[in-house]
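Everything below concerns the one structure shown next.
2 protein chains.
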Amino acid sequence: MRISQLAAESGVSVPSIKFYLREGLLHDGVRTSATQAEYDGEHVRRLRLIRALLGPGGLTVVGAQSLLGTMEHPPEHAHDLLGAAHAASAPAGKANRDDLDAVRAEAASWGWDVSGCDPLVLSALGDALERLRDADFAVPPSVMRAYVDAMKSVAAAEVAEIPTDSADAAVRYVVLGTILVEPLLLAMRRLAQETASLERFGVAPPGELGA
Amino acid sequence: MRISQLAAESGVSVPSIKFYLREGLLHDGVRTSATQAEYDGEHVRRLRLIRALLGPGGLTVVGAQSLLGTMEHPPEHAHDLLGAAHAASAPAGKANRDDLDAVRAEAASWGWDVSGCDPLVLSALGDALERLRDADFAVPPSVMRAYVDAMKSVAAAEVAEIPTDSADAAVRYVVLGTILVEPLLLAMRRLAQETASLERFGVAPPGELGA
Chain S
50 MRISQLAAES GVSVPSIKFY LREGLLHDGV RTSATQAEYD GEHVRRLRLI
100 RALLGPGGLT VVGAQSLLGT MEHPPEHAHD LLGAAHAASA PAGKANRDDL
150 DAVRAEAASW GWDVSGCDPL VLSALGDALE RLRDADFAVP PSVMRAYVDA
200 MKSVAAAEVA EIPTDSADAA VRYVVLGTIL VEPLLLAMRR LAQETASLER
250 FGVAPPGELG A
Chain L
50 MRISQLAAES GVSVPSIKFY LREGLLHDGV RTSATQAEYD GEHVRRLRLI
100 RALLGPGGLT VVGAQSLLGT MEHPPEHAHD LLGAAHAASA PAGKANRDDL
150 DAVRAEAASW GWDVSGCDPL VLSALGDALE RLRDADFAVP PSVMRAYVDA
200 MKSVAAAEVA EIPTDSADAA VRYVVLGTIL VEPLLLAMRR LAQETASLER
250 FGVAPPGELG A
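Line by line, the protein sequences are chains S and L.
Just so you know, we're using this note's numbering here: the first sequence kicks off at 50 and counts up by one.
Just so you know, we're using this note's numbering here: the second sequence kicks off at 50 and counts up by one.
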């Protein structure tokens, strides 16, 4: 199909398609003349994936480039997939914190050994903890334990399902499952907060604070 | 203290402080002359909070205004706090989806009744699910169950700790605990993925994919 048809089929405008082609996010079509190329269903699927990655709360163009590159050239060892997915979705130009030992010690105080973990991910944890401290907000210990347990059981279920029969399927699962699931989890948490709050406090007939 | 001292104390530049004053995020100091005002420790604390709210991955100025307003004028009933916190951190101008029944039905298929929940939060769930569909990514059923269980146990622990002795403490706990904890949970999930992946696949001596 021509680029105008690809735009109609995918719901992505022609200027955006040209931008993705220039940035190397979308692979070229088969050139049929000096000014025309032919696109196919694979281009439609790829455009949908690009939109999902760049969508609200999603990746930068540079992050998407790195991530699509990983999907095309998967690392040799399954464990390295995660590192690639995590790196692609880290903020651009983000450096490691210089207090990673303190971050590891804090995790250890929750009974969690994260010594083998990627410095960039540990830095993200350190940033999140620092923001809480800056706002003078202390997570109650029972809640912090619930966070650690919940995230461990989430990750165990996710990693158990990483397919190992094809590198292509594995990288797709890890990359998309890590990044696109984040807004899903956060929305689920808010819904669960609302149901838990309704259970504890009941629906409001306006009155004073408390149950 | 003068505004220059407030800047030194808080690490926030004078132009930024003036911007926050103009936007009503920071309360005025006590005017001592036509061109000078006196600030105190409460201004330093508030500036730290503003920076935490507007920080990376954080709120827009409009979201922060709404949220600080909620903290100053807390709703009467504890359950409404959550709604206010969730609304302040929703994307500006976001409208409800028109397929909320389908979103509720999908949650019901995971054994979860979200019929009483805020339409904006249900819309966020619908958006997240749509992004996964757009990318042709199916969350395995065992993983979806793990997500639901994990977020229910997180929310139960959080809501159980909402303080009910003071409206001020309650609103602070709910608002900051909802919004500032999101990057913490996402970083924890990634760390847990790495430890689970190491457990399943071991460290890489470069070889083929799989355990």
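No residue lacks a Cβ here, since even glycine has one placed at the ideal position from N, Cα and C.
Q. How is residue 72(L) classed by DSSP in three states: helix, strand or coil?
A. Walking along the second sequence from the start, residue 72(L) turns up at place 23. Three-state result, residue 72(L): coil.
Q. Are at least three pairs of beta-carbons, each pair with one atom in the stretch 234 to 249 of chain S and one in the stretch 151 to 171 of chain L, less than 8 Å apart?
A. yes
Q.
Let me confirm a value: residue 63(L) is counted as buried when at least 16 other C-beta atoms fall within 10 Å, else exposed. Which label applies?
A. Residue 63(L) sits at position 14 when you count from the first residue of the second sequence. So residue 63(L) ends up on the exposed side.
(Q) Within 8 Å, do at least three Cβ pairs link the stretch 203 to 217 of chain S to the stretch 194 to 206 of chain L? (A) yes
**Q.** alpha helix (DSSP H) segment containing residue 184(S), residue limits
**A.** Counted from its first residue, the first sequence places residue 184(S) at position 135. Run containing residue 184(S): none; DSSP gives neither H nor E here.
Q. How big is the Cα-Cα spacing for residue 55(S) and residue 89(S)?
A. As a position in the first sequence, residue 55(S) is number 6, starting the count at 1. As a position in the first sequence, residue 89(S) is number 40, starting the count at 1. So the two alpha carbons sit approximately 8 Å from each other.
Q | Which of helix, strand or coil DSSP assigns to residue 99(L) | A | By one-based count along the second sequence, residue 99(L) stands at place 50. Helix.
Q | Between the CA atoms of residue 91(L) and residue 225(L) - distance to the nearest angstrom | A | Locating residue 225(L) in the second sequence gives position 176, counting from the first residue. Locating residue 91(L) in the second sequence gives position 42, counting from the first residue. So the alpha carbons of these two residues sit roughly 18 Å apart.
Q) Is there a Cβ from chain S that is less than 8 Å from the Cβ of residue 237(L)? A) As a working note, residue 237(L) is residue 188 in the second sequence. Taking Cβ atoms only, chain S reaches closer than 8 Å to residue 237(L), which makes this a yes.
Q: Rounded to whole angstroms, what's the CA-CA distance from residue 219(S) to residue 166(S)? Just pull it up for me.
A: Locating residue 219(S) in the first sequence gives position 170, where the first residue counts as 1. Locating residue 166(S) in the first sequence gives position 117, where the first residue counts as 1. So the alpha carbons of these two residues sit roughly 20 Å apart.
Q. Helix, strand or coil: which one does DSSP assign to residue 86(L)?
A. Numbered from 1 along the second sequence, position 37 holds the residue referred to as residue 86(L). It is a strand residue.
Q.
By the three-class DSSP mapping on this structure, what secondary structure does residue 80(L) have?
A. For the purposes of this step, residue 80(L) is taken as the residue at position 31 of the second sequence. Strand.
Q. Which whole-angstrom value is the C-beta distance of residue 232(L) and residue 180(S), which I expect to be below 8 Å?
A. Translated into positions along the second sequence, residue 232(L) becomes position 183. Translated into positions along the first sequence, residue 180(S) becomes position 131. That belief holds up - the Cβ atoms of residue 232(L) and residue 180(S) are roughly 7 Å apart, short of 8 Å.
Q: Spatial neighbours of residue 264(L) within its chain, please: CB distance less than 7 Å, with the 5 preceding and 5 following residues excluded, ordered by chain position.
A: Beyond the ends of chain L as shown, which are 50 and 260, falls residue 264(L); an answer cannot be given.
(Q) Could you check whether the Cβ of residue 76(S) sits closer than 8 Å to any Cβ belonging to chain B? (A) Protein chains in the displayed structure are S and L, and chain B is not among them.
Q. Can you tell me the Cα-Cα spacing of residue 243(L) and residue 202(S), whole angstroms?
A. Locating residue 243(L) in the second sequence gives position 194, counting from the first residue. Locating residue 202(S) in the first sequence gives position 153, counting from the first residue. Rounded to whole angstroms, residue 243(L) to residue 202(S) spans 13 Å at the Cα level.
**Q.** chain L contact for residue 92(S) (CB, 8 Å cutoff)
**A.** As a working note, residue 92(S) is residue 43 in the first sequence. False, the Cβ-Cβ gap to chain L never drops below 8 Å.
**Q.** Minimum Cβ-Cβ distance from residue 85(S) to chain L less than 8 Å
**A.** The residue given as residue 85(S) occupies position 36 in the first sequence. For residue 85(S), the answer is no, since every Cβ of chain L falls outside 8 Å of its Cβ.
(Q) Could you compute how far the alpha carbon of residue 96(L) sits from the alpha carbon of residue 126(L)? (A) Within the second sequence, the letter at position 47 stands for residue 96(L). Within the second sequence, the letter at position 77 stands for residue 126(L). When rounded, the distance between both Cα atoms is 28 Å.
Q: Determine the contact status of residue 74(L) and residue 108(L), defining contact as a CB-CB distance below 8 Å.
A: As a first step, residue 74(L) must be located in the second sequence, where it is residue number 25. As a first step, residue 108(L) must be located in the second sequence, where it is residue number 59. Against a cut-off of 8 Å, the Cβ pair of residue 108(L) and residue 74(L) comes out as no contact.
Q: For the alpha helix (DSSP H) containing residue 232(L), list its first residue and its last residue.
A: Counting from one through the second sequence, the residue named residue 232(L) turns up at place 183. Looking at the DSSP string, the run of the alpha helix (DSSP H) that includes residue 232(L) is 230 to 250.
Q. With 16 as the cutoff for other CB atoms within 10 Å, does residue 221(S) come out buried or exposed?
A. As a working mapping, residue 221(S) is identified with position 172 in the first sequence. Buried is the call here.
**Q.** Contact belief for residue 72(L) with residue 114(L) at Cβ below 8 Å, rounded distance in angstroms
**A.** The sequence position of residue 72(L) within the second sequence is 23, counting from 1. The sequence position of residue 114(L) within the second sequence is 65, counting from 1. Between residue 114(L) and residue 72(L) the Cβ distance is about 7 Å, and since that is below 8 Å, they are a contact.
Q: To the nearest angstrom, report how far apart residue 121(L) and residue 230(L) are at their CA atoms.
A: Within the second sequence, numbered from 1, the residue matching residue 121(L) stands at position 72. Within the second sequence, numbered from 1, the residue matching residue 230(L) stands at position 181. Approximately 21 Å, taken between the alpha carbons.
Q. Can you find a C-beta in chain S that's less than 8 Å from the C-beta of residue 122(L)?
A. Numbered from 1 along the second sequence, position 73 holds the residue referred to as residue 122(L). Not one chain S Cβ lies under 8 Å of residue 122(L).
Q.
I need the boundaries of the alpha helix (DSSP H) containing residue 132(L), first residue and last residue.
A. Working through the second sequence from its first residue, we reach residue 132(L) at position 83. Here the alpha helix (DSSP H) through residue 132(L) covers 127 to 137.
Q. Should residue 60(L) be labelled buried (16 or more other beta-carbon atoms within 10 Å of its own) or exposed?
A. Here the question's residue 60(L) lines up with position 11 in the second sequence. Exposed, since its Cβ has fewer than 16 Cβ neighbours within 10 Å.
Q | From 136(L), 101(L), 68(L), 79(L), residue whose alpha carbon lies closest to that of residue 51(L) | A | Here residue 51(L) refers to the residue found at position 2 of the second sequence. Closest option to residue 51(L), Cα to Cα, is 79(L).
Q.
Determine whether the beta carbon atoms of residue 163(L) and residue 240(S) lie at a separation below 8 Å.
A. Residue 163(L) sits at position 114 when you count from the first residue of the second sequence. Residue 240(S) sits at position 191 when you count from the first residue of the first sequence. Taking 8 Å as the Cβ cut-off, residue 163(L) and residue 240(S) qualify as a contacting pair.
Q. Hey, is residue 154(L) close to the ligand HEM, as in C-beta under 7 Å from one of its heavy atoms?
A. In the structure shown, the ligand HEM is absent, as is every other ligand, since no ligand is present at all.
Q.
Helix, strand or coil for residue 109(L)? Go by DSSP, reduced to three states.
A. Counted from its first residue, the second sequence places residue 109(L) at position 60. Residue state, collapsed to three classes: coil.
Q.
In the DSSP assignment, the alpha helix (DSSP H) including residue 144(S) goes from what residue to what residue?
A. Position 95 of the first sequence holds residue 144(S). Unbroken run through residue 144(S): none, as it is neither H nor E.
(Q) If you follow the alpha helix (DSSP H) that residue 194(S) is in, where does it begin and where does it stop? (A) Residue mapping note: residue 194(S) aligns to position 145 of the first sequence, counting from 1. From DSSP, the alpha helix (DSSP H) with residue 194(S) extends over 190 to 209.
Q | residue 223(L) versus residue 131(L): straight-line alpha-carbon distance, rounded | A | For the purposes of this step, residue 223(L) is identified with residue 174 of the second sequence, where counting begins at 1. For the purposes of this step, residue 131(L) is identified with residue 82 of the second sequence, where counting begins at 1. Roughly 6 Å separates the two Cα atoms.
Q: Could you tell me which of 250(L), 83(L), 213(L) sits nearest to residue 213(S), measuring between CA atoms?
A: Sequence index remark: in the first sequence, residue 213(S) carries index 164 (1-based). Residue 250(L) is the option with its Cα nearest to residue 213(S).
**Q.** Chain-ordered chain L contacts of residue 205(S) [CB-CB under 7 Å]
**A.** The count along the first sequence starts at 1 and reaches residue 205(S) at position 156. Under the 7 Å cutoff, chain L gives 245.
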